[in-house]
Amino acid sequence: MTTTNLAVLVPLLPFLGAAAGLLLGRTAPGFVRPLAVLPTLASLVLATVVALRQGGDQAIDAATGLTPTGSVPIELALHIDGFAALVAVLVGVVATCVQTYSTGYLREDPRYPSYAALVSLFTSAMLLVVYSGDLMVLLVGWEIMGICSYFLVGHYWETPEARAASIKAFLVTKLGDVPFLIGLFALATDAGSFRITKVLGTVASGGLDHPTLIALLLLAGVAGKSAQFPLHTWLPDAMAGPTPVSALIHAATMVAAGVYFIARLLPVFAASQAAMIVLAVMAAVTMLGSGLAALAQDDIKRVLAYSTIGQLGYMTGALAVADRGAAVFHLLSHGAFKALLFLAAGVIIHAAGTNSLAAMSRMGHLRARVPDAYWTMTVALLALAAIPPFSGFFSKESVLGAAEHVATGHTEQAPGAAGWTVLIAGLITALLTAAYAMRLWLLAFRGRGADAPDHGRQPLTMTVVLWMLAAPSLAVGALAYRVLPDWFDGRDLTPTLTTSVLGTGVALIGGIVTYAAWRHTTALAARVPLGAVAAHPEGDAAQVEAEAIASHAPVYGGVAYAPDPADPGRLLLGPLHRHAAVGFHLDAVYRALFVRPVQAGASLVRFLDREVVDTYVRGAGALPRWLGIAVRRAQTGNVQTYVSALLAGTVVLAVAAVLVATGA
Amino acid sequence: MHLAYPAVLSALLFCTGLYGVLARRNAILVLMSVELMLNAVNLNLVAFDVWLSKTAEETLHSGQALTLFTITIAAAEIGIGLAIVLAVYRNRGTSDIDKLRDTAESHDTDGPDRDALTAPQAEKAEATA
Amino acid sequence: MTLAATAGLLAAGPAPVAATETHGFLSPTGVEIAFLLVGLVTFGAALVTVTTRQLVHAALWLVVTLGGLAVEYLLLTAEFIAWVQVLIYVGSVVVLLLFGLMLTRAPIGRSPDADSGNRWAALAVAVAAAGTLIWVVVDAFRTTWIDLDGPAAGSTKATGESLFQNWVLPFEALSVLLLAALVGAIVLSRKAKAESDSPSVNSRPVTGSSPSVPDSRNHPIGRNGSAEGTEPSEQEGAR
Chain U
-6 MTTTNLAVLV PLLPFLGAAA GLLLGRTAPG FVRPLAVLPT LASLVLATVV ALRQGGDQAI
54 DAATGLTPTG SVPIELALHI DGFAALVAVL VGVVATCVQT YSTGYLREDP RYPSYAALVS
114 LFTSAMLLVV YSGDLMVLLV GWEIMGICSY FLVGHYWETP EARAASIKAF LVTKLGDVPF
174 LIGLFALATD AGSFRITKVL GTVASGGLDH PTLIALLLLA GVAGKSAQFP LHTWLPDAMA
234 GPTPVSALIH AATMVAAGVY FIARLLPVFA ASQAAMIVLA VMAAVTMLGS GLAALAQDDI
294 KRVLAYSTIG QLGYMTGALA VADRGAAVFH LLSHGAFKAL LFLAAGVIIH AAGTNSLAAM
354 SRMGHLRARV PDAYWTMTVA LLALAAIPPF SGFFSKESVL GAAEHVATGH TEQAPGAAGW
414 TVLIAGLITA LLTAAYAMRL WLLAFRGRGA DAPDHGRQPL TMTVVLWMLA APSLAVGALA
474 YRVLPDWFDG RDLTPTLTTS VLGTGVALIG GIVTYAAWRH TTALAARVPL GAVAAHPEGD
534 AAQVEAEAIA SHAPVYGGVA YAPDPADPGR LLLGPLHRHA AVGFHLDAVY RALFVRPVQA
594 GASLVRFLDR EVVDTYVRGA GALPRWLGIA VRRAQTGNVQ TYVSALLAGT VVLAVAAVLV
654 ATGA
Chain V
279 MHLAYPAVLS ALLFCTGLYG VLARRNAILV LMSVELMLNA VNLNLVAFDV WLSKTAEETL
339 HSGQALTLFT ITIAAAEIGI GLAIVLAVYR NRGTSDIDKL RDTAESHDTD GPDRDALTAP
399 QAEKAEATA
Chain S
39 MTLAATAGLL AAGPAPVAAT ETHGFLSPTG VEIAFLLVGL VTFGAALVTV TTRQLVHAAL
99 WLVVTLGGLA VEYLLLTAEF IAWVQVLIYV GSVVVLLLFG LMLTRAPIGR SPDADSGNRW
159 AALAVAVAAA GTLIWVVVDA FRTTWIDLDG PAAGSTKATG ESLFQNWVLP FEALSVLLLA
219 ALVGAIVLSR KAKAESDSPS VNSRPVTGSS PSVPDSRNHP IGRNGSAEGT EPSEQEGAR
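These protein sequence lines are chains U, V and S, in that order. Using our numbering, you'd call the opening residue of the first sequence number -6 and step up by one each time. Using our numbering, you'd call the opening residue of the second sequence number 279 and step up by one each time. Using our numbering, you'd call the opening residue of the third sequence number 39 and step up by one each time.
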């Protein structure tokens, strides 16, 4: 089979798996698990084959126009370069791991068939986005991912948090998608085609008329999908979904789609200096804000969510300095270790029966209950904090190196201001990242108090997946920065000495300071008892997690917040902690700016409809009704009355006829 | 003789009968009023026949023949009508016309402006059906 | 007025003949005075018939009305019609109506509810109809006179000749109609008897149990009455 055919099969197989899963989910429950795992695994194998065959050489392009679509043709097109091939492999790896993990995690969930089908559909859509060479086809995958995300975040729809989170995720991403769509149309109008190759050709020849406008419109969609400031608020709330969904969608793949999209169309953005500056500022604000917010979260998954936002900020920062190699490198390594972090967090939540770090810090020997999660999470946190030699170090250093490269004026691809912004924000974020990674690790695994409840060993499917994902975080980084430039556009990804020393230094400082703060505050932990444990610790992991999410707000007074004086983050952030815990009040701002006016408008419309429009409708009905009542009164059944009316009419007619006949 | 005399008398008798048909309650009195109306017509027929047979030399005497027919048919009508009235009286116990109101909708389903009432009634009807 | 002109056109043939003779509108002949007086009596009796509150009296006043009409026929020289009127109407129809009143147990004496609530509407309709009719009739025939001189137009001889020369076929058809009416009256009575045997089939529960259901011995009377009503008329017609 040719590489093109194989590449077509890659998104198609999970799609067929999803369709079959939805059809057979009720009638043949025995097939659901193979139907969920096997197509994803097959498409991973195929994606690997495609990547090996492509090998970073000339991009594979294939297109077929199904039907004429007007002035700007839409074609089913493939465009597989090194980025696409490798990102597809990452998606396949994470999706396979997540599907395998889900078979254990949602072991007893009655809605597992539809869940697995939606995950498969999501995987298919993401692979479509990755491989597509046509912007319209890409948009199809993009929107399918959005709706799948909506359904999967709302998987525990019995809890109000999940319902609210799914609607919020959908609305906020759609808010970005509308300008994104307009931007795509504008881009296609300028370029005369939706094909990525032709768009890039137009940009290269300087044929783009409105580069800044297009870039900013597209940026809105990217900010919504990749959870960048100011459209990032849906991502922490989306943690109300099941943990595997968070790992797949909200850490490794969907949120990376925005970054990947910019990486594909980087010349379009690079054509506008203003867009690059906006991108850099957006990345810097996202990185710093999310780092501070992550330090104040109590829910372990929200910490990871804010961490995801921060790491995505790194990627957009790399794109702001026009280095897509570094961005996609960080995307790949981050996808692996962040999926690992989420999946391990799912194991921990199951074992501890709570998602609250404050409660975990009052449990002894939690790490002994889940040794696999403990070790793999340690590895992933080290990668997250960019400690050498873990993979995160190399990818992050490549980002920082690129920023330094631009800042010091070695290249003219991006404005120097963008370089400085990204570099400084990146370094501060490295400090914050190390601090919250350390805090997470200390609170989760170094708790003191009563022993954690013992539920026996975690399912094998869940622990094996953790080690599979730990391997790339451990080893691949050092290998990758030598190999990857062959696949990408040939830019060097080797860490430079200056940024390496600086980055690792601030990371170590962050870790040490957090450790010291923890030593200082941990004595308080014993004095303030705290904790809520899920009511059904024997249930499967998904049930425990749903109950933990549902009980967090009533017990601690907020989904993100816990009144725990023993939290080192509280000591480190000081007065900032209160604001950081609620995401710097962005939700409140949005509520005041958008939700309240919309609700007020809705109530106004409701009032107008009920009181004004309906009055006319009722009035229109009243007149015939009164007429009907009057006519009904006449129908007495008395024959004499009828005959009287008949004869009276006859007399009137006769008189009229006589008058007419005589001409009077 | 002036033709207006019988014609006006005929019209007056006809309208008297008309009033009786419309105003009388007892069915037999209504039948009497119908007889009055028929007789008014007969008077007309006879008067015009006499007039035409002299002035126009109309030899068919259609007016008188038709009068005879009308009398005959009126007799038949009164027989049938009384039989009907008797049958109604046996069944209903009354011969009052304004009490025979089967053509009106019955009063228990009567609800012109009470939609809220008809819904439970419909439900009740469904329940009993 | 044009209405008069229309009527004049209708009577175009006889109009010159009538116009040549001298008639005084305000100088009535003896026949006219007699007609007027009998007509007043007839009309008054008719009014009493439709307004009296005593049902039996209504039937009796109807006799007066019908008799008055018979006199009017005589004044119009239609002697055969007059005798038929007396025989059939006064002799049989009124008797039949009286039987009907008795069979339906009509109250003897004044019944306050003889008129329905429709009375005033009926009065309005009747007055309007009377006004219209009289206006049209008077307006159309105010210059028309009936010539009552010469051989009587409605003598028995003339009527018989006309009836059996020109109207034989309708006459025979009418006898079939009378037969049908006879059979119909019998069938209605018989059917009513079957119903009275099982009153719960078609009758309402309330009235079905009412004490006014007549007993079966009334049926032959009703049937005989209707037969009496139809047979003489047939015989009279055939005579």
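Every residue gets a Cβ at the ideal spot worked out from N, C-alpha and C, and that includes glycine. Fair warning: this is a prediction, and the values are worked out from it, not measured in the lab.
Problem - Length-filtered (4 minimum) alpha helix (DSSP H) runs lying within the stretch 300 to 355 of chain U - result: 317 to 345, 350 to 353
Problem - Within-8 angstroms CB hit, valine 88 of chain S to chain U - result: Working through the third sequence from its first residue, we reach residue 88 of chain S at position 50. Taking Cβ atoms only, chain U never reaches closer than 8 angstroms to valine 88 of chain S, which makes this a no.
Practice task
Could you tell me whether any Cβ in chain U is nearer than 8 angstroms to the Cβ of alanine 218 of chain S?
Solution key: What you label residue 218 of chain S is simply residue 180 of the third sequence in a count that begins at 1. No, alanine 218 of chain S lies away from the interface with chain U (no Cβ there is under 8 angstroms from its Cβ).
Practice task
State the Cα-Cα distance for the pair threonine 80 of chain S and isoleucine 172 of chain S, rounded to the nearest angstrom.
Solution key: Translated into positions along the third sequence, residue 80 of chain S becomes position 42. Translated into positions along the third sequence, residue 172 of chain S becomes position 134. For threonine 80 of chain S and isoleucine 172 of chain S, the distance between alpha carbons rounds to 17 angstroms.
Problem - Coarse secondary structure for threonine 89 of chain S, derived from DSSP in three states - result: Translated into positions along the third sequence, residue 89 of chain S becomes position 51. Looking at threonine 89 of chain S - three-state DSSP - the assignment turns out to be helix.
Exercise for the section: May I have the straight-line CA-CA distance separating isoleucine 189 of chain U from arginine 484 of chain U, to the nearest angstrom? Expected result: Along the first sequence, read from residue 1 onward, the residue named residue 189 of chain U stands at position 196. Along the first sequence, read from residue 1 onward, the residue named residue 484 of chain U stands at position 491. Each residue's Cα considered, the two are about 22 angstroms apart.
Handout entry: Residues near alanine 83 of chain S by beta carbon distance below 8 angstroms, same chain, minus five either side
Key = Here residue 83 of chain S refers to the residue found at position 45 of the third sequence. Cβ neighbours of alanine 83 of chain S beyond the five flanking positions: Trp99, Leu100, Val102, Thr103, Gly106.
Practice task
May I ask you to verify whether the stretch 487 to 507 of chain U touches the stretch 357 to 369 of chain U, counting CB pairs closer than 8 angstroms and requiring at least 3?
Solution key: no
Practice task
Using 10 angstroms around the beta-carbon of histidine 513 of chain U, count the other beta-carbons present and answer buried if the total reaches 16, otherwise exposed.
Solution key: On the first sequence, position 520 is the one that residue 513 of chain U refers to. Result: exposed.
Practice task
Answer yes or no: do alanine 167 of chain S and cysteine 293 of chain V have a C-beta to C-beta separation smaller than 8 angstroms?
Solution key: To locate residue 167 of chain S, count along the third sequence from 1; it is residue 129. To locate residue 293 of chain V, count along the second sequence from 1; it is residue 15. Taking 8 angstroms as the Cβ cut-off, alanine 167 of chain S and cysteine 293 of chain V qualify as a contacting pair.
Practice task
Using a Cβ cut-off of 8 angstroms (strictly closer), state whether threonine 629 of chain U contacts chain C.
Solution key: The structure shown contains no chain C; its protein chains are U, V and S.
Exercise for the section: In angstroms with no decimal places, state the Cα-to-Cα distance between alanine 351 of chain U and aspartate 291 of chain U. Expected result: Taking the first sequence and counting its residues from 1, the one referred to as residue 351 of chain U is at position 358. Taking the first sequence and counting its residues from 1, the one referred to as residue 291 of chain U is at position 298. Cα to Cα, alanine 351 of chain U sits roughly 6 angstroms from aspartate 291 of chain U.
Exercise for the section: May I ask whether a heavy atom of the ligand NAD can be found less than 7 angstroms away from the beta carbon of glycine 63 of chain U? Expected result: The ligand NAD is not part of the structure shown, which contains no ligands of any sort.
Problem - Assigned exposure category for tryptophan 662 of chain U - 16 Cβ within 10 Å defines buried - result: Because chain U in this structure spans residues -6 to 657, residue 662 of chain U falls outside the shown range and cannot be described.
Problem - Pairwise C-alpha distance: leucine 324 of chain U and glycine 58 of chain U - result: In the first sequence, counting from the first residue as 1, residue 58 of chain U sits at position 65. In the first sequence, counting from the first residue as 1, residue 324 of chain U sits at position 331. In a straight line, the C-alpha of glycine 58 of chain U is about 32 angstroms away from that of leucine 324 of chain U.
Problem - Residues in the stretch 165 to 184 of chain S having any Cβ partner in chain U nearer than 8 angstroms - result: Ala166, Ala167, Thr170, Val174
Problem - Beta carbon proximity, serine 149 of chain S to chain U, threshold 8 angstroms - result: Working through the third sequence from its first residue, we reach residue 149 of chain S at position 111. Closer than 8 angstroms: no.
Practice task
Determine, using beta carbons only, whether leucine 640 of chain U comes closer than 8 angstroms to chain V.
Solution key: For this step, residue 640 of chain U is matched to residue 647 along the first sequence. Judged by the 8 angstroms Cβ criterion, leucine 640 of chain U is in contact with chain V.
Problem - Beta-carbon spacing of glycine 251 of chain U, serine 219 of chain U below 8 angstroms - result: Here the question's residue 251 of chain U lines up with position 258 in the first sequence. Here the question's residue 219 of chain U lines up with position 226 in the first sequence. Cβ atoms of glycine 251 of chain U and serine 219 of chain U: closer than 8 angstroms.
Practice task
Could you pull the start and end residues of the alpha helix (DSSP H) that aspartate 291 of chain U belongs to?
Solution key: Against the first sequence, residue 291 of chain U aligns to sequence position 298. Counting along the chain, aspartate 291 of chain U falls outside any alpha helix (DSSP H), and DSSP gives it neither H nor E.
Exercise for the section: Compare the C-beta of threonine 608 of chain U against all C-beta atoms of chain S and say whether one is closer than 8 angstroms. Expected result: Here residue 608 of chain U corresponds to residue number 615 of the first sequence, with the count starting at 1. No - not a single Cβ of chain S is within 8 angstroms of the one on threonine 608 of chain U.
Practice task
Return the first residue and the last residue of the beta strand (DSSP E) that aspartate 54 of chain U is part of.
Solution key: On the first sequence, position 61 is the one that residue 54 of chain U refers to. 53 to 57 is the span of the beta strand (DSSP E), which, as asked, contains aspartate 54 of chain U.
Handout entry: Closer than 8 angstroms to chain V by CB, valine 636 of chain U
Key = On the first sequence, residue 636 of chain U is found 643 positions in, with the first residue counted as 1. Judged by the 8 angstroms Cβ criterion, valine 636 of chain U is in contact with chain V.
Handout entry: Extent of the continuous alpha helix (DSSP H) to which isoleucine 255 of chain U belongs
Key = Your numbering for residue 255 of chain U matches position 262 in the first sequence. Note, isoleucine 255 of chain U: alpha helix (DSSP H), 247 to 257.
Handout entry: DSSP three-state assignment for leucine 323 of chain V, whether helix, strand or coil
Key = Locating residue 323 of chain V in the second sequence gives position 45, counting from the first residue. Residue state, collapsed to three classes: helix.
Handout entry: Spatial neighbours of proline 284 of chain V in its chain, beta-carbon cut-off 8 angstroms, leaving aside the 5 residues before and after
Key = The count along the second sequence starts at 1 and reaches residue 284 of chain V at position 6. If we look at proline 284 of chain V and ignore the five residues flanking it on each side, its Cβ neighbours are Leu321, Asn322, Val324, Ala325.
Practice task
Let me know the alpha helix (DSSP H) ranges lying completely inside the stretch 81 to 167 of chain S, each 4 residues or longer, listed in chain order.
Solution key: 93 to 113, 117 to 122, 132 to 141
Exercise for the section: Go through its chain and collect everything with a Cβ distance to serine 248 of chain S's Cβ below 7 angstroms, but skip five positions before and after it. Expected result: Numbered from 1 along the third sequence, position 210 holds the residue referred to as residue 248 of chain S. Only weak support exists for where serine 248 of chain S lies, its pLDDT of 40 falling under 50; the coordinates are left without a value.
Problem - At least three beta-carbon pairs within less than 8 angstroms, the stretch 451 to 470 of chain U to the stretch 77 to 94 of chain U - result: yes
Exercise for the section: Indicate whether tyrosine 294 of chain U and alanine 338 of chain U have their beta-carbon atoms separated by less than 8 angstroms. Expected result: The residue labelled residue 294 of chain U in the question sits at position 301 within the first sequence. The residue labelled residue 338 of chain U in the question sits at position 345 within the first sequence. Rather than tyrosine, the amino acid found at residue 294 of chain U in this sequence is lysine. Closer than 8 angstroms, so yes.
Handout entry: histidine 72 of chain U: first and last residue of the uninterrupted beta strand (DSSP E) it sits in
Key = Position 79 of the first sequence, counted from the start, is the residue given in the question as residue 72 of chain U. It spans 69 to 73 - the beta strand (DSSP E) in which histidine 72 of chain U sits, taken as one unbroken run.
Practice task
Can you say whether threonine 40 of chain S is buried or exposed, counting buried as having 16 or more other CB atoms within 10 angstroms of its CB?
Solution key: Here residue 40 of chain S is taken as the residue at index 2 of the third sequence, counted from 1. The predicted model places threonine 40 of chain S with a pLDDT of 46, which falls under 50 and marks its position as unreliable; any figure quoted below should be read in that light. Answer is exposed; the Cβ neighbour count stays below 16.
Practice task
Would you mind sorting proline 189 of chain S into buried or exposed? The rule is 16 or more other CB atoms within 10 Å of its CB.
Solution key: Locating residue 189 of chain S in the third sequence gives position 151, counting from the first residue. Flag for proline 189 of chain S reads exposed.
Exercise for the section: Reducing DSSP to helix, strand and coil, say where histidine 339 of chain V ends up. Expected result: Taking the second sequence and counting its residues from 1, one reaches residue 339 of chain V at position 61. Here histidine 339 of chain V sits in coil by DSSP.
Problem - Neighbour flag for threonine 194 of chain S against chain V, beta carbons, 8 angstroms - result: Numbered from its first residue, the third sequence carries residue 194 of chain S at position 156. Not an interface residue.
Practice task
Closer than 6 angstroms by C-beta to methionine 280 of chain U: which residues in its own chain qualify, once you throw out the five before and the five after it? Chain order, please.
Solution key: Taking the first sequence and counting its residues from 1, one reaches residue 280 of chain U at position 287. Only Gly303, Gly306, Ala418, Thr422 meet the Cβ criterion.
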